[in-house]
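Have a look at the structure below, then the notes.
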Amino acid sequence: MSVAIGIIILAAVVGAYSGSLKVFKDVKSISENIDTKTPSIELLARYFDRWGVGVVSRAATEDNKTTCANCPAFRKYISVTDTTPCDDITFYGNLYGIGFVQNVASGAANVVSCRLSKDTNKNCYYLWRNNAVQNDYDGSNNLIPLGLASNLSVNNADCSALSAGATYNATVDDDLSPYTGSVFKTVQAGDIIQRTPHSIRLYCSQNPNDNNNQWLYVDLSETVSDCSEEDTPTPIAPVDSFQVSLLPSGCSGTGGTCTAAQVNVTFRSQSQKYKAGQYDTYDVTRVFGR
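In this text, residue positions in the sequence shown follow my numbering: the first is 3, and each later residue adds one.
Here it is as C-alpha cells:
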C-alpha cells in the first residue's frame, strides 16, 4: 500500500515539474521574442531615418555630380531584391558626425559639433555650402573626402549637451585638408561639415552563433576608401521573414522617387518552446518615411 502511495506521489511531483518546466520555457520564449522586437525595430528606424541624409548624387536635378564614381544615382536611391523569405535592400545615408560652422576668425572656426571626429578612419567629411558639396574629384572621378585638423578642440562633442546661450561647442582650424591633392577648403560661416555617407544593407543570413538559424543582418560600408572602417556585418535579431515594400505604390527605388518603405518582419524567439523545434513568433509592420 505504501509503495503504491509513493508511486502516486512521485508521479504527481514529476507531472508538476514537467508542467512547470513547460510553462517556464514557453514564457521564456515569448518574453525573449518581445524583448528582441522593440530594440530591433528602433534600430531599423534609426537606419531608415538616415536614408538619403548627407548623400551626394549624380542626378542633374539634385547635386548634378553626373560623373561621380562613388555617388549613387539619387540621394534616396534604394534597391530591393525580392527573395523569399527575406528581401535584400541597400540604401545610403550619413550615420555619424555633423558640424555647423557658426563663425570664422583668425584661422579658427567655431562650430556646433555633433560627434565630429578626428579619429583615424572616421575623419572623412563632405563640406556643404548653400546645399552644394564643395569637395573636388580625384583622377578616378571619386569625390575626395576632407579631413579635420588635429587641433579639433573637442573630439566627438555631444551637441545635445550644448549649454543655454552657447553658440558653439568646438573649435578647429578653418582649413579642411583633402586626402588626395593639395587644395585645401576653407570653411565659412553657415557651412555644414558632414561625415561621408555609408551604404546600408539589410538582409538575412545564417548566424553561426545560433546554430546557423536565420537572422536579420545589417552591413555598413564606407563610400570612400580613405576611411576604411568597414564594419563587420552585424546580426540584429532572429527572424522568419523580412519583406520591404516601397511607397508610394509604383515609385522607383533606383530612380529616387520613393518616400517611404513598409517593413513586414516576423521575429522569432531564440529559445525553443517546451516542444522541441517550435519557436514563438511576432509579426510587426512599420512604415518608415523620408
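Quick reminder that beta carbons are idealized off the backbone N, C-alpha and C, glycines included. All values derive from a computational prediction rather than experimental measurement.
In the structure shown, R270 falls within a strand segment according to DSSP collapsed to helix, strand and coil. Annotation: Q264 to I202 spans about 17 Å, alpha carbon to alpha carbon. P240 has W217 as its beta-bridge partners, per DSSP. In the DSSP secondary-structure assignment, G109 is not bridged to any residue.
F93 and G54 have their C-alpha atoms some 8 Å from each other.
A straight line joining the alpha-carbon of F102 with that of G252 spans about 37 Å. Boundaries of the beta strand (DSSP E) around L129: 127–131. From the listed residues A47, A61, V241, the smallest Cα separation to A134 is found for A61. By the Cβ rule, the region 154–162 does not count as touching the region 61–79, because fewer than three pairs are nearer than 8 Å.
Here L164 carries a coil assignment [DSSP, helix/strand/coil]. Its chain contains D89, N266 as the residues whose beta carbon lies nearer than 7 Å to that of Q245, once the 5 sequence neighbours on both sides are disregarded; these appear in chain order. For T86, the three-state secondary structure derived from DSSP is coil.
Here the alpha carbon of V58 sits roughly 6 Å from the alpha carbon of D65.
Of the candidates L45, T38, N157, the residue whose Cα lies closest to the Cα of F290 is L45. Scanning T169, N153, T173, I195 for the CA closest to the CA of C126 turns up I195. DSSP places V226 in no beta strand (DSSP E); its state is neither H nor E.
For S155, DSSP assigns no beta-bridge partner whatsoever. Under the Cβ criterion (8 Å, minimum of three pairs), the region 199–213 counts as touching the region 224–235. In its chain, beyond the 5 residues on either side, T69, C70, A71 have a beta carbon closer than 7 Å to the beta carbon of N143.
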